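Working notes, structure below.
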Amino acid sequence: MNELILQEDRRQRESLRLIASENYTSKAVLEACASSLTNKYAEGYPGKRYYEGMEVIDPLERLAIERAKSLFGAEHANVQPYSGSPANLAVLLALCEPGDTIMGLSLPAGGHLTHGWKVSATGIYYNAVQYGVRENDHLIDMDQVRDLAKQHRPKLIWVGHSAYPRVLDFPAFAEIAAEVDAYLAADIAHVAGLVAGGAHPSPIPHCDAVTSTTHKTLRGPRGGLIMCRKAHAKAIDKAVFPGLQGGPHNHTTAAMAVAFKEAAQPSFRAYATTVVANAQALAEALVGAGLDLITGGTDNHLMLVDLTRSGISGRVGAKALDRCGIELNCNSIPFDRRKPFDPSGLRIGAAAVTSRGLRPEHMPMIAGFISKGVSEAASNDGQVSDAFAERMRAEIAEFLTEFPAPGL
Numbered sequence: 001m002n003e004l005i006l007q008e009d010r011r012q013r014e015s016l017r018l019i020a021s022e023n024y025t026s027k028a029v030l031e032a033c034a035s036s037l038t039n040k041y042a043e044g045y046p047g048k049r050y051y052e053g054m055e056v057i058d059p060l061e062r063l064a065i066e067r068a069k070s071l072f073g074a075e076h077a078n079v080q081p082y083s084g085s086p087a088n089l090a091v092l093l094a095l096c097e098p099g100d101t102i103m104g105l106s107l108p109a110g111g112h113l114t115h116g117w118k119v120s121a122t123g124i125y126y127n128a129v130q131y132g133v134r135e136n137d138h139l140i141d142m143d144q145v146r147d148l149a150k151q152h153r154p155k156l157i158w159v160g161h162s163a164y165p166r167v168l169d170f171p172a173f174a175e176i177a178a179e180v181d182a183y184l185a186a187d188i189a190h191v192a193g194l195v196a197g198g199a200h201p202s203p204i205p206h207c208d209a210v211t212s213t214t215h216k217t218l219r220g221p222r223g224g225l226i227m228c229r230k231a232h233a234k235a236i237d238k239a240v241f242p243g244l245q246g247g248p249h250n251h252t253t254a255a256m257a258v259a260f261k262e263a264a265q266p267s268f269r270a271y272a273t274t275v276v277a278n279a280q281a282l283a284e285a286l287v288g289a290g291l292d293l294i295t296g297g298t299d300n301h302l303m304l305v306d307l308t309r310s311g312i313s314g315r316v317g318a319k320a321l322d323r324c325g326i327e328l329n330c331n332s333i334p335f336d337r338r339k340p341f342d343p344s345g346l347r348i349g350a351a352a353v354t355s356r357g358l359r360p361e362h363m364p365m366i367a368g369f370i371s372k373g374v375s376e377a378a379s380n381d382g383q384v385s386d387a388f389a390e391r392m393r394a395e396i397a398e399f400l401t402e403f404p405a406p407g408l
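Numbering-wise (full-length UniProt numbering), the sequence shown opens with residue 1 and increments by one.
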């Protein structure tokens, strides 16, 4: 097992990691995750536990809560969700009844499974209505959002995404939610670090509840977070425990507290700003290399490449690039004519490479690697030769030696 972990460390150091939902944590976050805190059970909440021996765990969780509230300006925070999907389900459990109508951005348009997509529990136990993006520019169709809300009168509206490259208009969503007397919940799993760092608008003033993962752009451990108005605090806490979960993962809670403190530093604000600058520079360079981008660019940390004109699918492109040491993922694009498991797009993120210290001037080099790999695959029935892949891997590993991977 130790050898496998060392192999993964090396892979993360030598690969160009562009998966939009991944990042590097600090050594301090890794140390908290690997601490003796994992040995302790802690069902319940600080001061109201079902176990003894809480003299360390209770203040630890309170510290994580206070740091989350301070970082985002929230009235209440729950740091116990195991990840983002349980956090989203807890919000629905707290604010809705089974069978209630909910609204969310459709998965093909860039939404997330847990915003009511039909294969998710959120689409099975709730009457899910999906809004989308406009066909001409692939931006969220706010007229459609308003029309659907007035037609279906949802109990809750989700605003959030897993593959949407533009800023979300939280005030506009709040206005629509108020018109139909619906709760508004934001899922900021992808942009939480940008929000914390002032590089993306905050949903906190506009929403009843806000959920997030604590990894991705926030650079914390694999955990979940719910923030809400005080009026919903009791219902949210009850939905998390005992509604969905047993004891929280204390080592993760500690690592979250570490990450929240790191994200409150001026250096993190600089990081968040650079993430967006890098993403925009990479998007511009990809367009310059002849690739097509959904919406033509990005306002956040991610972008979607449409490979339709290249003649290969997103899955084929992602597999070929992975062999070359470029790690990203295939993704559906709006109005995709291909199937979800073999879509037309690639999703690319700039958060992890920014954590390594890369800046906008380095993005044309990355775009060149991607373009070269896609062109090679497109010219060879979706394949790249062993020799080509080895040359690319060596070139990328050499390029990355100037940029140490945090925590490794």
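Ideal Cβ positions, reconstructed from N, Cα and C, are used throughout, including at glycine. Computed from a prediction, not measured in an experiment: that's the story for all the values here.
| Asked | Found |
| --- | --- |
| Reduced DSSP secondary structure (H/G/I, E/B, other) of V384 | coil |
| Cα-Cα separation, H76 to E66 | 9 Å |
| Environment of F335 [buried if 16+ CB atoms lie within 10 Å] | exposed |
| Buried or exposed (CB count within 10 angstroms, at least 16 for buried), K339 | exposed |
| Neighbour-count burial assignment, A42, 16 or more Cβ in a 10 Å radius | buried |
| Opposing strand residues paired with N331 [DSSP bridges] | G345 |
| N-terminal and C-terminal residue of the beta strand (DSSP E) that residue 413 is part of | For residue 413 there is no data in the structure shown, the boundaries of the chain being 1 and 408. |
| Chain-order list of residues whose beta-carbon lies under 6 Å from that of A196 (same chain, five-residue window excluded) | L71, A263 |
| Sequence-distant residues of its chain with Cβ nearer than 7 Å to P46 (five each side left out) | D58, E61, R62 |
| Assigned exposure category for L6 - 16 Cβ within 10 Å defines buried | exposed |
| Buried versus exposed call for N39 [16 or more other C-beta atoms within 10 Å across all chains shown] | exposed |
| Close-in-space but distant-in-sequence residues of the same chain around H232 (CB under 8 Å, 5 per side omitted) | H76, A94, L95, D208, A209 |
| For L184, the first and last residue of its enclosing beta strand (DSSP E) | 183 to 187 |
| Residue from L286, A68, A254 whose Cα sits closest to the Cα of K372 | L286 |
| Among L408, A279, Y51, A192, nearest to G349 - alpha-carbon criterion | A279 |
| Closest residue to V133 among K118, E3, S85, G160 (Cα-Cα distance) | G160 |
| Classification of G198 by the beta-carbon crowding that lies within 10 angstroms, buried from 16 upward | exposed |
| Paired residues, beta bridge with T211 - DSSP | D187, I226 |
| Residues of its chain near V384, where Cβ-Cβ distance is below 7 Å and the 5 sequence neighbours each way are ignored | A320, R323, C324, G373, E376, A377 |
| Y50 burial status per 10 Å Cβ neighbour count (16 or more: buried) | exposed |
| V119 beta carbon less than 8 Å from that of Y131 | no |
| Which residues DSSP lists as bridging T253, in chain order | DSSP, once it has assigned bridges, lists no residue as partnering T253. |
| Start and end residues, beta strand (DSSP E) containing N78 | 76 to 78 |
| Delimiting residues of the alpha helix (DSSP H) encompassing I124 | 121 to 124 |
| Cα-Cα separation, S202 to L16 | 30 Å |
| Own chain, CB closer than 6 Å to L113, minus 5 neighbours either side, in chain order | S120 |
| F170 beta carbon less than 8 Å from that of H115 | no |
| N-terminal and C-terminal residue of the beta strand (DSSP E) that A128 is part of | 127 to 131 |
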